[in-house]
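Numbering (our numbering), first residue to last: 841 to 1099. For glycine and all other residues, C-beta sits at the position ideal for the given N, C-alpha and C. From a predicted model like this one, the values you see are computed outputs, not experimental measurements.
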């Protein structure tokens, strides 16, 4: 059975080095994905890496977005750093501004915002954090799209705030029965098998539903699929996901228009 007429975006986190250090094969991933979430300097990234990543994405015709996080270089943004919701709002606004500046400098303006790591997970499960991130986006530039975790708080809150929202699922992460991401601390949280990840993505897109660890289907819009770029098999998984989608008649296209 094919899914002719369906289309979906594939996104991946980019620019996640710092100074002389690099992480992942951004050039290879950018040949596969349609959207790139670029680190803004708090969990990774710096002006040189940001400018280079935005420029490379422009050359490859890949849409770009800001990827703000907690200020956590040591923990790669995967630790919850205590902040008030007002502080979270401002740290997100700060990072969006940095991404806007460097992307404009590179001639390839950002079109969306996606929260990273622990901050992103909290936008799914914590109403206050979801509201803070949403307020930051709306205050800085309400034309920016919110790329939100499907079925999470931000997905609903940003829509209610009048922002354009696109819902994402994860190709390489397992889901709980509530539709939350399984903690990375638990076995099986990250899917490393490219074929397994690709088959699961195709099922979810066709069904319009998240597939939980027990096989339950939770209905949701699916506009974008995230493939992490920092896992050992990232390029292989991303390539196989795109190939399987296209084999099944599902076209891959950026959800954000590129001027």
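Asked, Found
"Segment limits, beta strand (DSSP E) that includes residue 931", "Residue 931 -> not in any beta strand (DSSP E); alpha helix (DSSP H) instead, spanning 925-945."
"Test item: CB-CB of residue 1060 and residue 991 under 8 Å", "yes"
"Span of the beta strand (DSSP E) around residue 889", "Here residue 889 belongs to no beta strand (DSSP E); instead the alpha helix (DSSP H) covers 887-900."
"Spatial distance of residue 1053 from residue 1018 (CA atoms)", "10 Å"
"Beta carbon of residue 863 nearer than 8 Å to that of residue 894", "no"
"Same chain, Cβ closer than 7 Å to residue 1044, five either side skipped, listed in chain order", "1009, 1050, 1051, 1062"
"Chain-order list of residues whose beta-carbon lies under 6 Å from that of residue 1015 (same chain, five-residue window excluded)", "1050, 1052"
"Distance, residue 1006 Cα to residue 986 Cα", "6 Å"
"Beta-carbon proximity list for residue 911, same chain, < 6 Å, skipping 5 on both sides", "882"
"N-terminal and C-terminal residue of the alpha helix (DSSP H) that residue 993 is part of", "993-1000"
"Residue 913 vs residue 896 beta-carbon contact at 8 Å", "no"
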